[in-house]
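Novice: Residue numbers (UniProt numbering): 1 to 450. Don't be surprised by glycine CBs; every beta carbon is placed ideally from N, CA and C.
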């Protein structure tokens with residue numbers, strides 16, 4: 001009896017692969033194979049016409065081998081034992097030994113990565129498809145441990161913000177991902193997805209899959225940009241001035257048919273360089289929004305515009321700017337009237353002069369003269385543009401000498417609903433006694449801060 005043993009046996013089970021056992025009956029009576037064992041373990045064998053083996057004849061039977069679970073690396077003398085039975089019931093045992101090795105097989109990639117569709121529309125995110133790539137044999141255990149994209153990052157991360165849907169299409173994909181990444185008209189996108197699998201022994205295999213998409217639309221003939229001409233806009237309301245530039249990036253003339261904004265069309269007659277735009281040249285449209293725009297300080301406002309051509313192409317552009325603080329301000333004036341030679345009536349008037357209203361946060365009137373009486377009007381909830389608030393006080397003037405100078409300094413601080421402060425001030429002087437007693441020297445001014 002001889003055994004045709006392999007030098008290497010893989011750790012996984014192999015379908016359709018058998019070891020051959022050749023048996024020759026050198027006796028005078030027929031023999032029937034009844035059992036076979038490999039290293040003491042019973043084998044399921046296929047005798048295939050070897051029952052019986054006639055005297056002087058040879059026969060071959062097969063058994064499928066499996067070394068799954070055998071520790072590796074392992075080298076040993078493997079012994080095959082075959083038991084035959086003669087007509088008298090006697091059992092005859094023969095053995096054959098070979099030196100064999102068990103190979104530690106790495107895991108195999110059971111899937112490949114490709115595009116769901118390699119042609120994508122400009123408004124469509126690129127998609128990934130993971131399809132089966134099964135082998136004819138049963139491979140070593142293969143567990144996916146990592147799936148990384150150079151464009152998207154970790155595809156296995158459920159919180160990946162670039163992935164908008166998973167496993168939704170198509171039916172031929174074992175798994176799928178649709179992303180927010182898009183391909184511009186006339187452009188293409190390349191990515192490399194690396195899949196890493198591991199077996200139960202800790203062996204890993206990484207495979208890189210190249211994936212490419214191309215846009216279904218040709219490259220645009222026009223390239224549009226939009227700019228806001230002002231650095232910012234007043235929070236209280238201001239019309240925005242914008243400049244739209246459409247440049248012909250093709251090699252042939254382009255005819256512009258329409259320039260559109262959310263507020264309506266921009267007359268082509270108001271634009272320069274069109275409507276026929278030569279290669280490398282630009283159509284420039286300057287326009288102002290119809291409505292004054294309002295917003296919170298430091299908040300942003302967005303604008304958009306589009307350019308259409310006679311051959312159906314439409315390109316769009318966007319721009320944005322922010323709103324700036326407008327200070328709530330009051331014009332402060334001081335009116336000084338003599339009340340004889342010894343006293344004066346001083347009236348402070350705060351008049352709103354800013355489009356941003358504000359409430360009176362604080363006020364004051366400072367002087368070295370002694371106040372003898374006075375009152376203020378009720379403070380209004382807000383001081384709007386043109387509204388006034390008054391305070392009047394009577395002071396005993398400095399009489400140290402006939403031409404003594406009496407100074408008065410007043411200030412008012414307003415605050416708006418954004419906690420922006422604006423302060424205005426005024427200064428006045430009046431002489432006490434003498435020939436100039438009834439002439440007041442008044443100097444009014446303003447300052448602002450936030």
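Suppose the cutoff is 8 Å on Cβ atoms and the five residues either side in sequence are ignored; what does the same chain contact list for residue 209 look like?
Specialist: Sequence-distant partners of residue 209 (beyond 5 residues in either direction) whose C-beta falls short of 8 Å from its own C-beta, in its chain, are 112, 113, 114, 192, 193, 194, 195.
Novice: Can you give me the C-alpha to C-alpha distance between residue 407 and residue 366, rounded to a whole angstrom?
Specialist: 8 Å
Novice: Take the Cβ of residue 451 as the centre, count every other Cβ of all protein chains shown within 10 Å, and call the residue buried at 16 or more, exposed below.
Specialist: Only positions 1 to 450 of the chain appear in the structure, and residue 451 is not among them; the question remains open.
Novice: Are residue 372 and residue 396 close, meaning C-beta to C-beta below 9 Å?
Specialist: A distance below 9 Å separates the beta carbons of residue 372 and residue 396.
Novice: Under DSSP, the beta strand (DSSP E) around residue 267 begins and ends at which residues?
Specialist: Note, residue 267: premise wrong, no beta strand (DSSP E); not H, not E.
Novice: With residue 84 as the anchor, note down where its beta strand (DSSP E) starts and where it stops.
Specialist: 74 to 85
Novice: Under 8 Å, with one C-beta from each stretch per pair, do the stretch 309 to 317 and the stretch 293 to 301 reach the 3-pair mark?
Specialist: no
Novice: Considering residue 173, what are the terminal residues of the beta strand (DSSP E) in which it resides?
Specialist: The continuous stretches of beta strand (DSSP E) do not include residue 173, and DSSP gives it neither H nor E.
Novice: By a C-beta neighbour count over all protein chains shown, 10 Å radius and 16 as the cutoff for buried, is residue 171 buried or exposed?
Specialist: exposed
Novice: Indicate the three-state DSSP secondary structure (helix, strand or coil) for residue 294 in the structure shown.
Specialist: coil
Novice: Could you give the first and the last residue of the continuous beta strand (DSSP E) run that contains residue 406?
Specialist: 404 to 415
Novice: Who are the Cβ neighbours of residue 95 in its own chain at under 6 Å, not counting the five residues just before and after it?
Specialist: 79, 81
Novice: Enumerate in chain order the residues of its own chain whose CB-to-CB distance from residue 282 is below 8 Å, with the five nearest sequence positions on each side excluded.
Specialist: 245, 246, 247, 248, 273
Novice: Who are residue 245's beta bridge partners in DSSP?
Specialist: 225, 284
Novice: List, from N- to C-terminal side, the beta strand (DSSP E) runs of 3 residues or more that fit wholly inside the stretch 309 to 397.
Specialist: 314 to 324, 330 to 338, 343 to 352, 359 to 367, 370 to 376, 388 to 396
Novice: Strictly by DSSP, which residues pair up with residue 191?
Specialist: 211
Novice: Just the C-alpha distance for residue 134 and residue 110, rounded to the nearest angstrom, thanks.
Specialist: 5 Å
Novice: Let me know the secondary structure DSSP gives residue 419 once reduced to three states.
Specialist: coil
Novice: Leaving out five residues on either side along the sequence, give the residues of the same chain with a beta carbon under 6 Å from the beta carbon of residue 444.
Specialist: Summary for residue 444: the model assigns pLDDT 41, below 50, so the residue's position carries little reliability; its value from the coordinates is reported in the next sentence. The answer, listed in chain order, is 333, 426.
Novice: Give me the Cβ distance between residue 105 and residue 140, rounded to the nearest whole Å; I'm assuming they're in contact under 8 Å.
Specialist: Yes, residue 105 and residue 140 are in contact; Cβ-Cβ is about 4 Å, under 8 Å.
Novice: Could you check how far apart the C-beta atoms of residue 537 and residue 262 are, in whole angstroms? I think they sit under 8 Å.
Specialist: This structure leaves residue 537 out entirely; the chain is present only between 1 and 450.
Novice: Are there any heavy atoms of the ligand GTP lying less than 8 Å away from the beta-carbon of residue 292, as far as the coordinates show?
Specialist: The ligand GTP is not part of this structure, which contains no ligands at all.
Novice: Which residue comes first and which comes last in the beta strand (DSSP E) that contains residue 147?
Specialist: 143 to 149
Novice: Between the Cα of residue 386 and those of 370, 394, 354, spot the shortest distance and give me the residue it belongs to.
Specialist: 354
Novice: Roughly how far, in whole angstroms, is the beta-carbon of residue 258 from the beta-carbon of residue 198, given that I think they are within contact range, below 8 Å?
Specialist: The Cβ separation is near 59 Å, so there is no contact.
Novice: Grab the span of the beta strand (DSSP E) containing residue 114 for me, first residue to last.
Specialist: Annotation: the continuous beta strand (DSSP E) that includes residue 114 extends over 111 to 115.
Novice: Residues in its own chain within less than 8 Å of residue 390 by CB, not counting five upstream and five downstream?
Specialist: 347, 348, 349, 350, 376, 377
Novice: Return the first residue and the last residue of the beta strand (DSSP E) that residue 36 is part of.
Specialist: Counting along the chain, the unbroken beta strand (DSSP E) around residue 36 starts and ends at 32 to 38.
Novice: How many whole angstroms separate the CB atoms of residue 256 and residue 287, which I take to be in contact at a CB cut-off of 8 Å?
Specialist: In fact, because the Cβ distance is near 15 Å, the residues do not count as touching under 8 Å.
Novice: Measuring only the C-alpha atoms, how far is residue 25 from residue 32?
Specialist: 10 Å
Novice: For the beta strand (DSSP E) containing residue 399, name the first residue and the last one.
Specialist: Per DSSP, residue 399 is not a residue of any beta strand (DSSP E), being assigned neither H nor E.
Novice: Tell me which same chain residues have a C-beta within less than 7 Å of the C-beta of residue 144, skipping the five on either side of it?
Specialist: Sequence-distant Cβ neighbours of residue 144 in its own chain, meaning closer than 7 Å and more than five residues away, are 195, 197.
Novice: Determine the DSSP secondary structure at residue 124, reduced to helix, strand or coil.
Specialist: coil
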